[in-house]
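Contents: one structure, followed by commentary.
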Amino acid sequence: MTDLSTERGLAVELSDLTRVYGEVRALDGLTLHIEPGELVALLGPSGCGKTTALRILAGLDQATSGSVSVGGKDLTRVPANKRDMGMVFQAYSLFPHMTVIDNVAFGLKLRGSDSAARRKRAGDMLDLVGLSEHADRYAHQLSGGQQQRVALARALAVEPSVLLLDEPLSALDAKVRVQLRDEIRRVQLEVGTTTLFVTHDQEEALAVADRVGVMNAGRLEQLAPPAELYSAPATRFVGEFVGLSNRLPADVRDGVAAVLGREVPVLPGSTTGPGRALVRPESVSVVKDAEGAATVTTVMFLGPLSRVTCTLADGTDVVAQLASSDALRLVPGDAVRLEVAPSPVLVVA
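The working numbering numbers the first residue of the sequence shown as 2 and each following residue consecutively.
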């Protein structure tokens with residue numbers, strides 16, 4: 002494996018970006034700082050502005066207001082071909098008449114690199130993504146996952162200051178998507194390129210990113226490491242969008258919420274008084290109890306884990322995620338007692 006540790010990313014700064022299309026405000030004051038060598042994923046529903054932010058950073062779109070800088074240099078008015086960005090899109094966009102190694106070397110050729118140097122660099126990149134033995138094949142001779150790895154190698158070959166990934170895995174089947182997701186993270190860590198990854202897939206974002214930014218209606222709702230984002234959502238939208246959450250009756254007094262008969266601490270931003278606590282399924286335990294106030298309605302086997310849905314007396318459905326060895330002892334109709342873990346929860350009005 003070629004030593005690429007000398008390559009380093011640069012800091013990226015998006016400052017108060019807005020983008021208006023007619024009456025649509027695609028970005029509404031987006032500010033985002035990415036550390037050198039960091040991988041940040043932007044996550045959100047369709048139309049939230051995540052791809053618009055990436056396109057503005059790439060120079061493929063122009064912000065209505067705000068600024069873009071990389072490594073302390075203002076790029077706001079710099080054209081895309083002068084920004085030193087590497088991009089990988091959902092579509093592989095390989096040249097069908099070129100071999101794999103020629104595809105990877107194409108950007109180097111445009112930059113005037115001599116033949117020997119660009120073939121060596123392209124070979125190093127194919128080695129990095131594990132495709133050295135396919136160097137002389139054509140795109141139609143590769144699987145979709147292999148083609149996307151070639152696209153990644155091509156983007157990295159020119160030693161970009163920033164790598165931009167726009168839904169690069171969404172056209173692949175589930176198993177290949179997981180494999181390539183892990184490959185992208187391995188390569189990014191090895192090369193050290195500052196990376197912005199745009200995706201609508203929560204699992205992808207949480208698995209590969211140093212920090213995840215959740216966007217909604219052109220705004221950044223929260224930017225945090227994956228574990229913090231999941232366990233301590235800052236807003237109702239984040240709590241409901243990322244992962245699965247139960248909405249359980251709660252009453253908040255003095256920073257403590259009463260939920261299913263247990264007192265648990267509340268997260269900043271929680272309402273006071275009556276509300277609904279956003280509780281993760283893995284934070285709910287289910288105990289068979291003839292005097293229990295809930296009834297099992299479904300048991301869904303998912304391999305080592307199972308999802309058990311129970312209904313409270315007031316009709317509220319509660320989903321619990323349990324080890325299958327425990328869940329399969331339950332059957333619909335069982336009376337059960339539900340308890341929540343003492344971890345902090347967000348309570349919304």
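Every residue, glycine too, gets a C-beta built ideally from N, C-alpha and C.
Residue i (DSSP reduced to helix, strand or coil)
{"i": "Y93", "result": "coil"}
{"i": "M1", "result": "Missing from the structure shown is residue 1; the chain here goes from 2 to 350 and no further."}
{"i": "R281", "result": "coil"}
{"i": "T3", "result": "Below a pLDDT of 50, predicted positions are generally treated as unreliable, and T3, at 42, falls in that range; the measurement from the model is reported next regardless. Note: T3 maps to coil in three-state DSSP."}
{"i": "S171", "result": "coil"}
{"i": "A291", "result": "coil"}
{"i": "V332", "result": "coil"}
{"i": "D357", "result": "In the structure displayed, the chain extends from 2 to 350; residue 357 sits before or after that span and is not available."}
Those residues which DSSP pairs with residue i across a bridge
{"i": "Q223", "result": "V215"}
{"i": "A206", "result": "Answer by DSSP bridge pairing: none, since A206 is not bridged."}
{"i": "S286", "result": "E340"}
{"i": "L306", "result": "A324"}
{"i": "V1", "result": "The structure shown has nothing for residue 1, since the chain only spans 2 to 350."}
Buried versus exposed, by CB contacts within 10 Å (16 or more), residue i
{"i": "Q203", "result": "buried"}
{"i": "P169", "result": "buried"}
{"i": "V332", "result": "exposed"}
{"i": "K51", "result": "buried"}
{"i": "A350", "result": "exposed"}
{"i": "F96", "result": "exposed"}
{"i": "D167", "result": "buried"}
{"i": "R277", "result": "buried"}
{"i": "M88", "result": "buried"}
{"i": "Q256", "result": "First, the residue type needs correcting, since residue 256 is Gly and not Gln in the sequence shown. Result: exposed."}
{"i": "P343", "result": "exposed"}
{"i": "F22", "result": "The sequence given here places Tyr at residue 22; Phe does not occur at that position. Answer is exposed; the Cβ neighbour count stays below 16."}
{"i": "F302", "result": "exposed"}
{"i": "L245", "result": "exposed"}
{"i": "R84", "result": "buried"}
{"i": "V13", "result": "buried"}
{"i": "A81", "result": "exposed"}
{"i": "T65", "result": "exposed"}
{"i": "T3", "result": "Unreliable positioning characterises T3 in this predicted model, as indicated by a pLDDT of 42, which lies under 50. A coordinate reading is not provided."}
{"i": "E222", "result": "buried"}
{"i": "S307", "result": "buried"}
{"i": "D335", "result": "buried"}
{"i": "S144", "result": "exposed"}
Closer than 8 Å to chain B by CB, residue i
{"i": "A336", "result": "This model lacks chain B altogether, as it is built from one protein chain only."}
Contiguous beta strand (DSSP E) assignments of at least 3 residues, all confined to the stretch 5-81: 13-22, 25-35, 40-44 and 66-71
The stretch 283-301 in contact with the stretch 317-328 per 3-pair CB rule at 8 Å: yes
Minimum length 4: unbroken alpha helix (DSSP H) runs contained in the stretch 232-282: Listed in chain order, the complete alpha helix (DSSP H) runs (minimum 4 residues) inside the stretch 232-282 are 237-242.
Any alpha helix (DSSP H) of 4 or more consecutive residues that is wholly inside the stretch 78-164: Counting whole runs of 4 or more residues, the stretch 78-164 contains the alpha helix (DSSP H) stretches 101-111, 116-129 and 145-158.
Any 3 or more C-beta pairs closer than 8 Å across the stretch 15-24 and the stretch 167-182: Contact between the stretch 15-24 and the stretch 167-182 is absent: fewer than three C-beta pairs spanning the two stretches fall below 8 Å.
Cβ pair count under 8 Å reaching 3, the stretch 214-225 against the stretch 176-186: In this structure the stretch 214-225 does not lie against the stretch 176-186, because fewer than three pairs of beta carbons, one per stretch, are closer than 8 Å.
Touch test, the stretch 78-92 against the stretch 151-168, Cβ-Cβ under 8 Å, three pairs minimum: yes
Any 3 or more C-beta pairs closer than 8 Å across the stretch 325-339 and the stretch 294-309: yes
contact_flag[the stretch 60-76, the stretch 100-120] where n(CB pairs < 8 Å) is 3 or more: With the cut-off at 8 Å, the stretch 60-76 and the stretch 100-120 do not touch.
Cβ contact check for the stretch 40-54 and the stretch 108-120: 3 or more pairs under 8 Å: no
Stretch-stretch touch, CB-based, cutoff 8 Å, three pairs: the stretch 257-265 with the stretch 226-239: The answer is no - the stretch 226-239 does not touch the stretch 257-265, with fewer than three Cβ pairs under 8 Å.
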